[in-house]
Amino acid sequence: MKSYQDMRDAVFEEIFEIAKRDKNVIILTADQGAQTFEKFKNQIPEQLINVGVAEQNMIGVASGMAKENFKVFVYAIIPFVTLRCLEQIKIDICCNNLPVNIVGIGSGYSYANDGPTHHATNDIGIMRTLPNLEIWNPSDSNSTSQIIPYLVKSKSPAYLRIDRGKVPEIYSNNINLMEGFHILKECKNTTIISTGNMVDLSLKISTDLEKIGIPNGVIDCYRIKPLNKELLIKTLQKTKNIITIEENSIIGGLGSSISEILVDSFSNKKLFRYGTPDKFRWDLGGREILHKIDKLDQKSIFLDLKNKLNQ
Amino acid sequence: MPNLENNLISTLKTKSDWVRLSTIEMVLNAGSGHLGGSFSVADILVSLLYHPELNFFEGHDKDRIILSKGHSSLSIYPILADKQLINIEDLSNYNQSGSILGGHPDTRVPGIEITTGSLGHGLSVACGIALALKRSKKKSKIFAILGDGECQEGSVWESAQFASHHHLNNLTVIVDNNGISATDFTENTINIEPLEKKWNSFGWDSMVINGHSIEDLIKTLNKTPKTNKKPRALIAKTIKGKGVSFMENNPHFHHGLPNEKEIILAKKELSS
């Protein structure tokens, strides 16, 4: 398995390898950089277009190129490549059902000190209401790299959200991409379902719970839409307590998606949802500080679960 | 040749009248529709889609049209029916249950390239198609028809910058410059003039034309830009509600419907 500097590196190195052989693979960036772009500029400059600070136009241009059978990736920081141009995504991409791949960098509080303008805690809830759009939210560089070849071939619009900077590696093997989630620890009476950067934290909380006699499983849900409902329902049959952990608003994200499945399919399970609150966060000091304020840090979640699961 | 041109122009004028009459019937059946802007753009659509040197509907290298002011879909449907892309009987089901002919055009309708309806989208998609066509070495031309009220949308100018930066000389914008948006004259809401200078200053080859002169439109539409590397903007001076005296220049008829007496008068004027 190749090694990548970070998730961004995984995305663009994989695209570059394919783009070298296929001149119809194009990246549009709204003036957002990436290390691999130097390779594009030196070797295949025609396939990297900096459209400037104009995200609405970028989505429309991508749609037009996709309509003419180009395989297009658009790229910017998450709030700007999602909410800023939401209607263009809804109409130009999703209504027309064109296979444009939206790559957003900076999931959750990746850009912690840049404030609410750069925080990406609303995008999952909003984007998952758009018909035809797939949402991928991988937890590490290795799984991210495995999604790219699929996106190049896929005929569906897709949104891939990635973290900024180095992240702990979860996988040393291939994931079963189309299943949409991976069971990292076998499901027990208690199962944690997490996504993105919070999968690593969930594994630590899982260990903490085991130490106090609460056996539990961990699922990495890297495809948030469509959720593999059938397989999830089957997988969760023996689980009584389901915990969702995400660095995304408690309104509309993974926890909400799972709650919809539970309401539709089960009547005997408890759900404990952990996510960011319905608030703008102005506090400075970094991601860990924000997690503490939101009670999304390892200790806060563990203590809360210890209390709730022992009741 | 002059005779052929005269015959063509005479035929197309008759087509424009027929398109407007058809839209009146469609709107009456449906009880809704945007007549004013459909009438102002009718001569432009007819001149484009029946142009002897343009081909929008057949082959790998066909030309492309995007009706960015999608609320004027009323005027394109009769033409698609006349071109046998849809059934002529379907026009009577416009905006009704089971029909694919909606108040705004979508890609279920043969001949419609992209779904439009929200203003300020069509030009950016047209830019993407234009760039793709150039990269694929296709000689097709692409036309995007915008409303003048639509030019109040900031996204239009993002796309205008992109098109000139990338020398998209296969792209023509036609602005249906009728001076009225949904509720009022544009000069009373946000003044959009001087449109010709604005497009020029954004790096386009811009010119004003008479949007109701089939002769001028036929002579102009298939031309390449004066400066070869620039995209082209045609500011087509038009009259909202063109063809029916009491609808002309009347903001009410953006989405308002004529009453029974007015319908009789409108049909009479369009048939004369």
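So the sequences go chain by chain: B and V. Using the working numbering, the first residue of the first sequence is number 1, and each one after it goes up by one. Using the working numbering, the first residue of the second sequence is number 1, and each one after it goes up by one. Glycine included, every Cβ here is placed at the ideal spot set by N, Cα and C.
Three-state secondary structure assigned by DSSP to residue i
i, result
"residue 67 of chain V", "strand"
"residue 283 of chain B", "coil"
"residue 107 of chain B", "coil"
"residue 91 of chain V", "helix"
"residue 50 of chain B", "strand"
"residue 273 of chain B", "strand"
"residue 100 of chain V", "coil"
"residue 1 of chain V", "Because residue 1 of chain V sits at a pLDDT of 45, beneath the cut-off of 50, its placement in the model cannot be relied upon, and the following sentence gives the value as read from the coordinates. Reduced to three states, the DSSP call for residue 1 of chain V is coil."
"residue 232 of chain V", "strand"
"residue 58 of chain B", "helix"
"residue 238 of chain V", "coil"
"residue 144 of chain V", "strand"
"residue 24 of chain B", "coil"
"residue 31 of chain B", "coil"
"residue 81 of chain B", "helix"
"residue 208 of chain V", "strand"
"residue 192 of chain V", "coil"
"residue 29 of chain V", "helix"
"residue 6 of chain V", "helix"
"residue 233 of chain B", "helix"
"residue 180 of chain V", "strand"
"residue 170 of chain B", "coil"
"residue 102 of chain B", "strand"
"residue 63 of chain B", "helix"
Residue-chain proximity (residue i, chain B), Cβ-Cβ < 8 Å
i, result
"residue 1 of chain V", "Confidence at residue 1 of chain V is low in this model, with a pLDDT of 45, below 50, so its placement is unreliable and the value that follows should be read with caution. Taking Cβ atoms only, chain B never reaches closer than 8 Å to residue 1 of chain V, which makes this a no."
"residue 162 of chain V", "yes"
"residue 102 of chain V", "no"
"residue 128 of chain V", "yes"
"residue 132 of chain V", "yes"
"residue 158 of chain V", "yes"
"residue 244 of chain V", "no"
"residue 65 of chain V", "no"
"residue 181 of chain V", "no"
"residue 115 of chain V", "yes"
"residue 173 of chain V", "no"
"residue 136 of chain V", "yes"
"residue 121 of chain V", "yes"
"residue 109 of chain V", "no"
For residue i, the first and last residue of its enclosing beta strand (DSSP E)
i, result
"residue 172 of chain V", "171-177"
"residue 75 of chain B", "71-77"
"residue 36 of chain B", "Residue 36 of chain B -> no beta strand (DSSP E), and no H or E assigned at all."
"residue 247 of chain B", "241-249"
Chain V contact for residue i (CB, 8 Å cutoff)
i, result
"residue 156 of chain B", "no"
"residue 22 of chain B", "no"
"residue 92 of chain B", "yes"
"residue 302 of chain B", "no"
"residue 51 of chain B", "yes"
"residue 88 of chain B", "yes"
"residue 30 of chain B", "no"
"residue 70 of chain B", "yes"
"residue 56 of chain B", "yes"
"residue 95 of chain B", "yes"
"residue 65 of chain B", "yes"
"residue 167 of chain B", "no"
"residue 15 of chain B", "no"
"residue 62 of chain B", "yes"
Endpoints, the alpha helix (DSSP H) within which residue i is located
i, result
"residue 200 of chain V", "195-201"
"residue 188 of chain V", "186-189"
"residue 43 of chain V", "35-49"
"residue 130 of chain V", "122-135"
"residue 220 of chain V", "214-221"
"residue 255 of chain B", "254-265"
"residue 7 of chain B", "7-19"
"residue 261 of chain V", "260-271"
"residue 296 of chain B", "Here residue 296 of chain B belongs to no alpha helix (DSSP H), and DSSP marks it neither H nor E."
**Request:** Pick out the complete alpha helix (DSSP H) segments inside the stretch 173-231 of chain B, 4 residues or longer, and give them in chain order.
**Result:** Complete alpha helix (DSSP H) runs here, min 4: 198-211.
**Request:** Entirely within the stretch 118-166 of chain B and at least 3 residues each: give me those beta strand (DSSP E) ranges in chain order.
**Result:** List check, beta strand (DSSP E) in window: 134-136, 158-162.
**Message:** For the structure I just gave you, are there three or more beta carbon pairs, one from the stretch 43-52 of chain V and one from the stretch 76-89 of chain V, closer than 8 Å?
**Reply:** By the criterion of at least three beta-carbon pairs nearer than 8 Å, the stretch 43-52 of chain V is in contact with the stretch 76-89 of chain V.
**Request:** Report yes or no: do the stretch 85-96 of chain V and the stretch 160-174 of chain V share at least 3 C-beta pairs separated by less than 8 Å?
**Result:** In this structure the stretch 85-96 of chain V does not lie against the stretch 160-174 of chain V, because fewer than three pairs of beta carbons, one per stretch, are closer than 8 Å.
**Prompt:** Quick one: any contact between the stretch 115-133 of chain V and the stretch 61-69 of chain B, if contact means 3 or more CB pairs under 8 Å?
**Reply:** Yes, they touch.
**Asked** Is the stretch 152-169 of chain B close to the stretch 9-27 of chain B, with three or more CB pairs under 8 Å?
**Response** The stretch 152-169 of chain B vs the stretch 9-27 of chain B: in contact.
**Message:** Check whether the stretch 168-186 of chain B and the stretch 69-86 of chain B touch, using three or more Cβ-Cβ pairs below 8 Å as the test.
**Reply:** Counting Cβ pairs under 8 Å, fewer than three are found: no touch.
**Item:** Meets three-Cβ-pair contact criterion under 8 Å: the stretch 239-248 of chain V and the stretch 25-45 of chain V
**Value:** With the cut-off at 8 Å, the stretch 239-248 of chain V and the stretch 25-45 of chain V touch.
**Message:** Does the structure place the stretch 209-225 of chain V close enough to the stretch 166-182 of chain V that three or more beta carbon pairs sit under 8 Å?
**Reply:** In short, these stretches touch, since the Cβ pair count reaches three.
**Prompt:** Counting pairs of Cβ atoms below 8 Å between the stretch 119-134 of chain B and the stretch 182-202 of chain V, do you hit three or more?
**Reply:** Below 8 Å, too few C-beta pairs join the stretch 119-134 of chain B and the stretch 182-202 of chain V to call them touching: fewer than three.
**Message:** So, does the stretch 228-242 of chain B touch the stretch 260-275 of chain B, judging by three or more C-beta pairs under 8 Å?
**Reply:** With the cut-off at 8 Å, the stretch 228-242 of chain B and the stretch 260-275 of chain B touch.
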